[in-house]
Structures are given as C-alpha cells and as structure tokens.
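In terms of our numbering, the sequence shown is residues 697 to 875.
Glycine included, C-beta positions come from ideal geometry on N, C-alpha and C.
Shown next, in structure tokens, is the structure this report addresses.
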Amino acid sequence: NIYWTFDKETGTLEISGSGVLTDTEEAWTDLYPYINHAIVNDGITEIGDNAFYDCRSLMTVEIPDNITRIGESAFAECLSLQAIDIPDTVTEIGDCAFADCLSLETVNLGTQLESVGFGAFGNCQSLTDIYVYLSDTVFDNYSLGYLDEYVDTDKITVAEFVEKLRQAFVAQAEGDGRT
C-alpha cells in the first residue's frame, strides 16, 4: 500500500500510503542520483531496513510524527544527508541506521527513544551536534562510532553515555596536549 511521486524540478521524492516502508520499495533506486529531498507522509509507520540505503544525493528528509522505528541501515551511506530530526514517536533506531553519512552534522533524537543500535551513527565524520533528552534511552557502545575504548559495557543509558562521552573528549584533549 505504499506509493510515491518524484518531482524532477525540485528533486523531491514523496512517499505516501500506509504501513512499513521496506527495502522492497526499490522502484525509486534509479532516481537516487536525483533525490535531494524526501518526504515520508503520515500513513507510513516505520522506515524499514535499507529503505534509503546508499541514496547518496539525499540532503534532507521529513519524517512524520507517527514513525515508531527506523530500521537497520535505513539511511546508511546517504553521503549528502546533513541533519536529521527523529520524531518523539520513534522508539528504536536500528543498527547502522545512519552509518557512513559523511555530511551529517546535526542529529535531534526524540524524547521516546528507547534504543539506538550498534553503529547507528558510526563513521559520521561531520557530526558535531547531537541533541538527546535524558531518559532511559539505551545506546549500544558503538552507536556513535569507536567509543568502545571508553565504554566497557555493551549497553548504556543516556546519562552514562554523556559521562563516557565527556571522558572520551577529556582523554582526547589530554592526548592532544590541550588540557
């Protein structure tokens, strides 16, 4: 029950219908070089595994407030994606969901997020701003990349994560002679 339209002039892919957007929605993969903006409409309940995987020209995406899950590698290797707002309704971000999004600078995580998977934001080299809300969100220790050196457990809460991240930055600064 999912259908889509593409506007060549604006480079906008609009996805409508109902249910889970899956990687079987490959009908638009030929358009990947031309998709700059994606709009996921209200009837879609989940952005499934690999849904936008390797859509390298995608710069922005609008995710509706009724999405509950962003699947594994859903936006992985979207090299031009610059920012992402995760709605409050999302409870899970899958493994490698945004991995290798090299232009991703800003992430705003919703308030109801329960878990962030392994490597969800791994190798996002431009990532400078992550907005999280203190809650019981559980991050895999590799959610943001190579933090396993500073985190000795498999899963941590936001508060623990923030402290470990602070320790990692202090250690980095000390290693660079900046303290």
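DSSP beta-bridge partners of residue i
{"i": "residue 779", "result": "802"}
{"i": "residue 717", "result": "743"}
{"i": "residue 698", "result": "713"}
{"i": "residue 766", "result": "743 and 789"}
Residues near residue i in its chain [Cβ-Cβ closer than 8 Å; skip 5 each side]
{"i": "residue 796", "result": "772, 773, 775, 818, 819 and 820"}
{"i": "residue 704", "result": "730"}
Cβ-Cβ separation, residue j to residue i (assumed contact under 8 Å), whole Å
{"i": "residue 816", "j": "residue 784", "result": "Incorrect: roughly 18 Å between the Cβ atoms, too far for contact."}
{"i": "residue 744", "j": "residue 719", "result": "6 Å"}
{"i": "residue 780", "j": "residue 803", "result": "5 Å"}
{"i": "residue 715", "j": "residue 698", "result": "6 Å"}
{"i": "residue 734", "j": "residue 757", "result": "5 Å"}
{"i": "residue 809", "j": "residue 787", "result": "6 Å"}
Reduced DSSP category for residue i - H, G, I as helix; E, B as strand; rest coil
{"i": "residue 749", "result": "coil"}
{"i": "residue 756", "result": "strand"}
{"i": "residue 825", "result": "strand"}
{"i": "residue 734", "result": "strand"}
{"i": "residue 726", "result": "helix"}
{"i": "residue 646", "result": "The requested residue 646 is not part of the displayed model; the chain covers only 697 to 875."}
{"i": "residue 814", "result": "coil"}
{"i": "residue 786", "result": "coil"}
{"i": "residue 703", "result": "strand"}
{"i": "residue 744", "result": "coil"}
{"i": "residue 712", "result": "strand"}
6 Å Cβ shell around residue i - same chain, five flanking residues per side excluded
{"i": "residue 680", "result": "The structure shown does not extend to residue 680, since the chain spans only 697 to 875, so no value can be given for it."}
{"i": "residue 829", "result": "807"}
{"i": "residue 701", "result": "710"}
{"i": "residue 746", "result": "719 and 769"}
{"i": "residue 759", "result": "736 and 783"}
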